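Notes for the one structure printed next.
2 protein chains.
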Amino acid sequence: MTASEKAYYSIHPKFHMAVDCIIFGFEDGELSLLLLKRNFEPAKGQWSLMGGFVEEGESVDDAARRVVGQLTGLTDLYMRQVRTYGDLDRDPGERVISSAYYALVDIKKYDHSLVQAHNAFWVKLPEVPHLIFDHDQMVQDALHFMQYQASVKPVGMNLLPEEFTLSQLQALYEAIFREEMDKRNFRKKIASMDYIEKTGNIDKTLSRKGAALYRFNPERFKEIGQFKI
Amino acid sequence: MTASEKAYYSIHPKFHMAVDCIIFGFEDGELSLLLLKRNFEPAKGQWSLMGGFVEEGESVDDAARRVVGQLTGLTDLYMRQVRTYGDLDRDPGERVISSAYYALVDIKKYDHSLVQAHNAFWVKLPEVPHLIFDHDQMVQDALHFMQYQASVKPVGMNLLPEEFTLSQLQALYEAIFREEMDKRNFRKKIASMDYIEKTGNIDKTLSRKGAALYRFNPERFKEIGQFKI
DNA sequence: TTAGTGAAGTGTTAAAATTACACTTTTTAA
DNA sequence: TTAAAAAGTGTAATTTTAACACTTCACTAA
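Top line first, the protein sequences correspond to chains A and B. With the working numbering, the residue at position 73 of the first sequence is 73, and numbering never jumps. With the working numbering, the residue at position 186 of the second sequence is 1186, and numbering never jumps.
Following this line, the structure appears as structure tokens:
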């Protein structure tokens, strides 16, 4: 790189870059968020999203994966960038630009000890408290974006165990879109999606009769490739 | 701020932060992008989006507005953040994180001398050349996002003059979604949108008969608040 | 043994939205 | 006066979506 090329960059300022993660779970017919009750500064004692700074040598996407992994012990989650927040005073301590990411977690599968160590808790969406900085806005934006994605792509299943009943699936979509759905119409729609397939197993935990378990088959989805709920 | 609070930030690295702008126009029934044929380093001679670094004391959103303003002379454009690109080597010169924004411009209204000074050109979407870095990806993502927004919000009109004919409007949506639409069905749909109102003026430039001119009324849209095309 | 419980599972009809489709009107330039 | 060229207009068929209630099953407890 020539001197002038170097100057092209170096005359411009640099910024702290962070990621904040909106971690969605699903339990008891409600979406939940995994939130920190901060036992560290800044904003100790307040509620916030799990976040962290982008470090040298990692992409912003990787930082988000790392941060979620640090809290949940989980890798390979379904994660998407929501947007980037770059207002001057969004962090009152110092200027920090932050990219928000949402993650979808099977709430049965996270590392409890890590969550406990971070003083983090699952909070049902209607009970989410006020969060620090612009995290309330991030949650709003993430929810909307997630709702949109869930309406056009079969991503909701990432919030359920690998095998799930149709009642669970319906309850999930009712929670995501905050609207009741008709059982027969819902099941008709799912039946038309050949990539949601019966596993042959039966779940007996919720009813004497037992409910057929289904799974999402990503390969078959790739062939067909359309979803709308 | 205490010393420990300061350390909380300062132990972390800082990054150059840029914005890159996908500037859409509409002409001759096609979407166009305003692109730079770079007459400066780095990547001199290649095509790129208009971009710039975020400076101290300006938000990322403001940086995007400034950068589009520098090229077009226009402020108050409809602009939305697309997403942020944070891969390690996305800029081969040095690590730069960049937020992409798209802007919708009335192609009749920009400052020609500024565009000329930047060696920028309107290029019809199907003829857009390969761009530097990850700008091809940015264009893809911006187009998809813009298409989505245009399908659920009345934002397409930002690409047209204040007053427009229904033929222009239909051609615009056909260009955005790359699909032909039925004239009668289209006009039926628009007629049901009370916030797209006849101005009483007539455009005579395209036909002997003349075509009624319409305008978008944002106040009336706010009252009604739904759009789908 | 059988009656009660509680979730799982299953079709049809009405209403609404979308799509397909072709001719008439208007103006002016030749 | 007529040819040209875009503007403007309505109906019927199809598809999609929404509304709606009872039966089945397997177990538990009387």
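Glycine included, every Cβ here is placed at the ideal spot set by N, Cα and C. Note that the coordinates shown come from a computational prediction; the quantities given were computed from them, not determined experimentally.
What do you get for residue 1050 (chain B), buried or exposed, if any count of 16 or more other CB atoms within 10 angstroms of its CB means buried? buried
At what residues does the beta strand (DSSP E) containing residue 216 (chain A) begin and finish? 211-216
Pull up the CB-CB distance for residue 1060 (chain B) and residue 84 (chain A), whole angstroms please, since I reckon it's below 8 Å. 6 Å
Buried or exposed (CB count within 10 angstroms, at least 16 for buried), residue 1184 (chain B): exposed
Under three-state DSSP, which class holds residue 240 (chain A)? This structure gives no information on residue 240 (chain A), because the portion of chain A shown stretches from 1 to 229.
Residues of the stretch 1030-1060 of chain B with Cβ closer than 8 Å to any Cβ of chain A, in chain order: 1041, 1042, 1053, 1054, 1055, 1056, 1057, 1058, 1059 and 1060
Exposed or buried, which one is residue 1117 (chain B) when buried takes at least 16 other CB atoms within 10 Å? exposed
Buried or exposed: which applies to residue 1135 (chain B), given that a residue is buried once 16 or more other Cβ atoms fall within 10 Å of its Cβ? buried
Thinking just about the alpha-carbon of each residue, which of B:1008, B:1100 and B:1120 is nearest to the one in residue 1040 (chain B)? B:1120
If you check the beta carbons only, do residue 1158 (chain B) and residue 1101 (chain B) fall under 8 Å apart? no
Listed in chain order, which residues of the stretch 6-17 of chain A have Cβ atoms closer than 9 Å to some Cβ of chain B? 6, 8, 9, 10, 11, 12, 13, 14, 15, 16 and 17
Delimiting residues of the beta strand (DSSP E) encompassing residue 1004 (chain B): Segment 1003-1010 is the alpha helix (DSSP H) holding residue 1004 (chain B); no beta strand (DSSP E) there.
Would you check if the distance between the CB atom of residue 1165 (chain B) and the CB atom of residue 1213 (chain B) is smaller than 8 Å? yes
Determine contact between the stretch 65-82 of chain A and the stretch 204-213 of chain A, defined as no fewer than three beta-carbon pairs at a distance below 8 Å. no
Can you tell which of A:24, A:57 and A:23 has its C-alpha closest to the C-alpha of residue 1014 (chain B)? A:57
Let me know if residue 17 (chain A) comes out buried or exposed under the rule of 16 or more other beta-carbons within 10 Å of its beta-carbon. buried
Quick check on the burial criterion: 16 or more other C-beta atoms within 10 angstroms. Buried or exposed for residue 1 (chain A)? exposed
Between the alpha carbons of residue 91 (chain A) and residue 99 (chain A), how many angstroms are there, rounded? 13 Å
Quick check on residue 224 (chain A): buried or exposed, where buried means 16 or more other Cβ atoms within 10 Å of its Cβ? exposed
Would you grab the beta carbon distance between residue 35 (chain A) and residue 48 (chain A) for me? Rounded to a whole angstrom, and I think it's under 8 Å. 7 Å
Have a look at residue 1146 (chain B) and residue 89 (chain A) and give me their C-alpha separation to the nearest angstrom. 29 Å
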